[in-house]
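Structure, as structure tokens:
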Amino acid sequence: MAEFNYITTLGLIAGVLTTIAYLPQLIKTWQTKSAHDLSWSMLIVLCTGIILWLVYGFYVQDIPIIAANIVTFIFASMILVLKIKYKQESEGSQKSE
16 MAEFNYITTL GLIAGVLTTI AYLPQLIKTW QTKSAHDLSW SMLIVLCTGI ILWLVYGFYV
76 QDIPIIAANI VTFIFASMIL VLKIKYKQES EGSQKSE
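And the structure:
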């Protein structure tokens, strides 16, 4: 049986906390159908950083880094997709007026 590893547990907890930090923004964006106040630059830099963390995590074979960043990438990508979607919908409704 593997020895209990406190450092891995610490990494998993850190990963869970930083990952779920994006959930309230995702929910708010979904509910309000607006991502107007979210910076394009921030979202693109964030997604790029997450991809690099994933590459690093796979390279060093670190499960907490890999798991946290897969979920974080999903959340950040969903926010980015919603920003694109709601921007297009907003532009479409302005043209029809």
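Under this note's numbering, the residues of the sequence shown are numbered 16 to 112, in order. Glycine included, C-beta positions come from ideal geometry on N, C-alpha and C.
CB contact flag (residue i, residue j, <7 Å)
| i | j | result |
| --- | --- | --- |
| asparagine 84 | leucine 69 | yes |
| threonine 87 | isoleucine 66 | no |
| threonine 24 | leucine 97 | no |
| leucine 27 | proline 79 | yes |
Alpha-carbon spacing of residue i relative to residue j, whole angstroms
| i | j | result |
| --- | --- | --- |
| tyrosine 37 | alanine 91 | 7 Å |
| tyrosine 71 | lysine 100 | 31 Å |
| tryptophan 55 | cysteine 62 | 11 Å |
| isoleucine 89 | isoleucine 35 | 11 Å |
| threonine 47 | isoleucine 81 | 31 Å |
| tyrosine 21 | leucine 53 | 36 Å |
| methionine 16 | methionine 93 | Any answer about methionine 16 is weak, because its pLDDT of 46 lies below 50 and its placement is not dependable; what the coordinates show is given next. If you take the alpha carbons of methionine 16 and methionine 93, they lie about 39 Å apart. |
| aspartate 77 | histidine 51 | 35 Å |
| leucine 32 | valine 75 | 21 Å |
| glutamate 106 | serine 49 | 12 Å |
| methionine 57 | phenylalanine 73 | 24 Å |
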